[in-house]
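Chemist: I have a structure here, written as structure tokens, and I will follow up with some questions on it.
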Amino acid sequence: MSQAALESLALSYAAECEGTKVKVNLLNPGPVRTAMRAKAMPGEDPSSLARPEQVASLIVELLSRENEKNGELVNFQN
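What follows is the structure, given as structure tokens:
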């Protein structure tokens, strides 16, 4: 329910910002190799997960001036 509300909020705000320089997208990073995830999922093989710096490169791309995406639900794919 929370995810649906967040998606709705982001898409509504993106529509409101249409025609401006503001771009609104929602990023789903998926499972990422972090210390917090390792504690929550102790049996999981961390080598099968994306590293934080991999996801960070997508974030930088979405924040760049060259980004044309607006109103998209972006899923990181390793």
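Quick note: this note's numbering has the sequence shown finishing at residue 704, numbered continuously throughout. Backbone N, C-alpha and C fix where the C-beta goes; we use that ideal spot for every residue, glycine too.
1. Do you know how far the Cα of M667 is from the Cα of Y639?
2. Give me whichever residues DSSP pairs with L699 in a beta bridge.
3. Alpha carbon to alpha carbon, what distance is there between N651 and R691?
4. Would you mind working out which of L653, V686, E642 sits nearest Q629, comparing C-alpha positions?
5. Between the alpha carbons of D671 and L684, how many angstroms are there, rounded?
6. Specify, as a first and last residue, the run of the alpha helix (DSSP H) that E633 falls within.
7. When the Cα atoms are used, what is the spatial distance from R705 to N701?
Modeler: In brief:
1. By one-based count along the sequence shown, residue 639 stands at place 13. By one-based count along the sequence shown, residue 667 stands at place 41. About 34 Å.
2. Start at 1 with the first residue of the sequence shown, and residue 699 comes out as number 73. L699 pairs with L652.
3. On the sequence shown, position 65 is the one that residue 691 refers to. On the sequence shown, position 25 is the one that residue 651 refers to. One C-alpha to the other measures close to 14 Å.
4. Taking the first residue of the sequence shown as position 1, residue 629 is located at position 3. Measuring from the Cα of Q629, the nearest candidate turns out to be L653.
5. Against the sequence shown, residue 671 aligns to sequence position 45. Against the sequence shown, residue 684 aligns to sequence position 58. Their backbone Cα atoms lie some 23 Å apart in a straight line.
6. In the sequence shown, the residue the question calls residue 633 occupies position 7. Element bounds for E633: 628-643.
7. The structure shown does not extend to residue 705, since the chain is modelled only from 627 through 704, so no value can be given for it.
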